[in-house]
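The sequence shown begins at 1 in UniProt numbering and counts up by one. For reference, the structure is listed below as structure tokens.
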Amino acid sequence: SSSRTINFGNTRSNTRHKETLDKSSYDWVADSEEESDEDSILDFYNADAGKSSISNASEYDQYGNPKGTTYDLGKDGAFKDFSILIAQFYQDGQFNDTAIKVPIDALKVKGFQVKHVKSENECISEFQSNRHQIAWIISTSSIQNSAFISALTKYHSSGGAVFLFADNVPFVYHASEFLKAKFGITLDGNYHGSKTLTYMENGHDKPGHYGQHQIFTGIQKLFEGITICHPVYSTAESRKKFVNVATATDGQPTVGVYDPPPNLTEGRLALDCGFTKLYCNWDSAGTARYIVNVSTWLLAIEKRIKGKKKKPRM
Numbered sequence: 001s002s003s004r005t006i007n008f009g010n011t012r013s014n015t016r017h018k019e020t021l022d023k024s025s026y027d028w029v030a031d032s033e034e035e036s037d038e039d040s041i042l043d044f045y046n047a048d049a050g051k052s053s054i055s056n057a058s059e060y061d062q063y064g065n066p067k068g069t070t071y072d073l074g075k076d077g078a079f080k081d082f083s084i085l086i087a088q089f090y091q092d093g094q095f096n097d098t099a100i101k102v103p104i105d106a107l108k109v110k111g112f113q114v115k116h117v118k119s120e121n122e123c124i125s126e127f128q129s130n131r132h133q134i135a136w137i138i139s140t141s142s143i144q145n146s147a148f149i150s151a152l153t154k155y156h157s158s159g160g161a162v163f164l165f166a167d168n169v170p171f172v173y174h175a176s177e178f179l180k181a182k183f184g185i186t187l188d189g190n191y192h193g194s195k196t197l198t199y200m201e202n203g204h205d206k207p208g209h210y211g212q213h214q215i216f217t218g219i220q221k222l223f224e225g226i227t228i229c230h231p232v233y234s235t236a237e238s239r240k241k242f243v244n245v246a247t248a249t250d251g252q253p254t255v256g257v258y259d260p261p262p263n264l265t266e267g268r269l270a271l272d273c274g275f276t277k278l279y280c281n282w283d284s285a286g287t288a289r290y291i292v293n294v295s296t297w298l299l300a301i302e303k304r305i306k307g308k309k310k311k312p313r314m
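Structure follows, in structure tokens:
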């Protein structure tokens, strides 16, 4: 068995998850000649998964981030069995079909299949098709179909992972309404950021920094976005559930994640508060790697591997 280890971020919930599955009523069957979960995970994740500071890369970009896709969270070509739905509700002259093709192509390098839609009705149909493990929801200023949030909630609660994108108010609507229904969290603000965040161990809540998380694998510096919003937490409980992992230079939370407890069927969630990263800022510090890393993390491949190995006795 390989001696390399992968940093899973939230160790407590992973241990709990293993305990839930590791019951006497199940036989654990490894795929082919794989000996452990760790070996299986290395089919999907690179060896430096979970590390933001990488000191031994052969080359670094102008921002100090290591060059090369081996420093991404996920391995190239490893995710061919999985599909991402991109629901782009915000469009403008710059954020058009040509622009969205750039992140789509980056996802395809990892093997993901990608379906791109631009209307809520198409998006709801794709939810109902059960073809997509992950959905990107790129918010705009209003919701057209009053059934949209309940359709998104159903998709998420039945295991679909969701990457919520918002920008400055009013371009927050889909993400904000979903977060309000789920956690009592709303999105507000229009901070003109345009600065770069820096990795710091345990720096999640420090202005201008982010802390250790798999989504920041290979990222020492990350552009925060131009005009950005932030989550407004209604209760201390909502802050514990939907966890801030990066803080903008104005001191407001800017990247949130939710990793559901193992007893729930829900998918993972992530929120990004500055969606210009997807087009006019794609080449800024760490952006391309971060967007692909988040999408990879949302899949929760380690949970899928454990689930696959859990075979009931006959």
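For glycine and all other residues, C-beta sits at the position ideal for the given N, C-alpha and C. Fair warning: this is a prediction, and the values are worked out from it, not measured in the lab.
How is K115 classed by DSSP in three states: helix, strand or coil?
-> strand
Nearest-angstrom Cα distance between T87 and S125?
-> Residue 87 is actually Ala in this sequence, not Thr. Using only the alpha carbons, I get a separation of about 11 Å.
Taking only the alpha-carbon atoms, compute the straight-line gap between F165 and V172 and give it to the nearest angstrom.
-> 8 Å
Same chain only: Cβ atoms within 7 Å of I54, ignoring 5 sequence neighbours per side = D48, P66, Y71 and G218
Status (buried if at least 16 other CB within 10 Å, exposed otherwise) for L152 = buried
Distance, S176 Cα to V294 Cα = 19 Å
Whole-angstrom distance between Q133 and L264, CA atom to CA atom = 16 Å
Which partner residues does W136 have in the DSSP bridge list?
-> I86 and F163
Using DSSP bridges, identify the partner residues of G74.
-> Y45
What three-state label does DSSP hand Y279 in the structure shown?
-> coil
Determine which residues share a DSSP beta bridge with H192 and list them.
-> T227
Quick one: residues in its chain with C-beta nearer than 8 Å to the C-beta of K154, no 5 flanking neighbours on either side, listed in chain order?
-> F127
V245: first and last residue of the uninterrupted beta strand (DSSP E) it sits in | V243 to T247
Looking only at C-alpha atoms, which of H213, Q94, D272 and D61 sits nearest to V162?
-> D272
Would you check if there are 3 or more beta carbon pairs closer than 8 Å linking the region 189-206 to the region 237-257?
-> yes
Can T186 and K180 be called in contact, C-beta distance under 7 Å?
-> yes
Looking at K80 and G111, is the spacing between their C-beta atoms short of 7 Å?
-> yes
Is the Cβ-Cβ distance between A147 and L85 less than 7 Å?
-> no
Are the Cβ atoms of S139 and G184 separated by less than 7 Å?
-> no
When DSSP labels each residue in this structure, what does D92 get in the three-state scheme?
-> coil
Mind reading off the beta-carbon distance from Q214 to L73? Whole number of angstroms is fine, and I expect it under 8 Å.
-> 6 Å
Could you pull the start and end residues of the alpha helix (DSSP H) that D97 belongs to?
-> D97 to V109
Exposed unless 16 or more other CB atoms sit within 10 angstroms - verdict on T276 | buried
Should E120 go down as buried or exposed, given a rule of 16 or more other Cβ atoms within 10 Å for buried?
-> buried
Hey, would you say G267 sits closer than 7 Å to G193, going by beta carbons?
-> no
Around the Cβ of K23, are there at least 16 other Cβ atoms within 10 angstroms (buried) or fewer (exposed)?
-> Annotation note: pLDDT 28 at K23 (below 50); position unreliable, coordinate value reported separately. With fewer than 16 Cβ atoms within 10 Å of its Cβ, K23 is classed as exposed.
Within the same chain, show all residues whose beta-carbon is closer than 6 Å to that of L278, passing over the 5 residues directly before and after it, in chain order.
-> P103
In terms of DSSP beta bridges, what is P253 paired with?
-> T247
Is it right to say R131 is buried, meaning 16 or more other beta carbons lie within 10 angstroms of its own, or is it exposed?
-> exposed
Measure the CB-CB distance between A285 and F223 and report whether it falls below 7 Å.
-> yes
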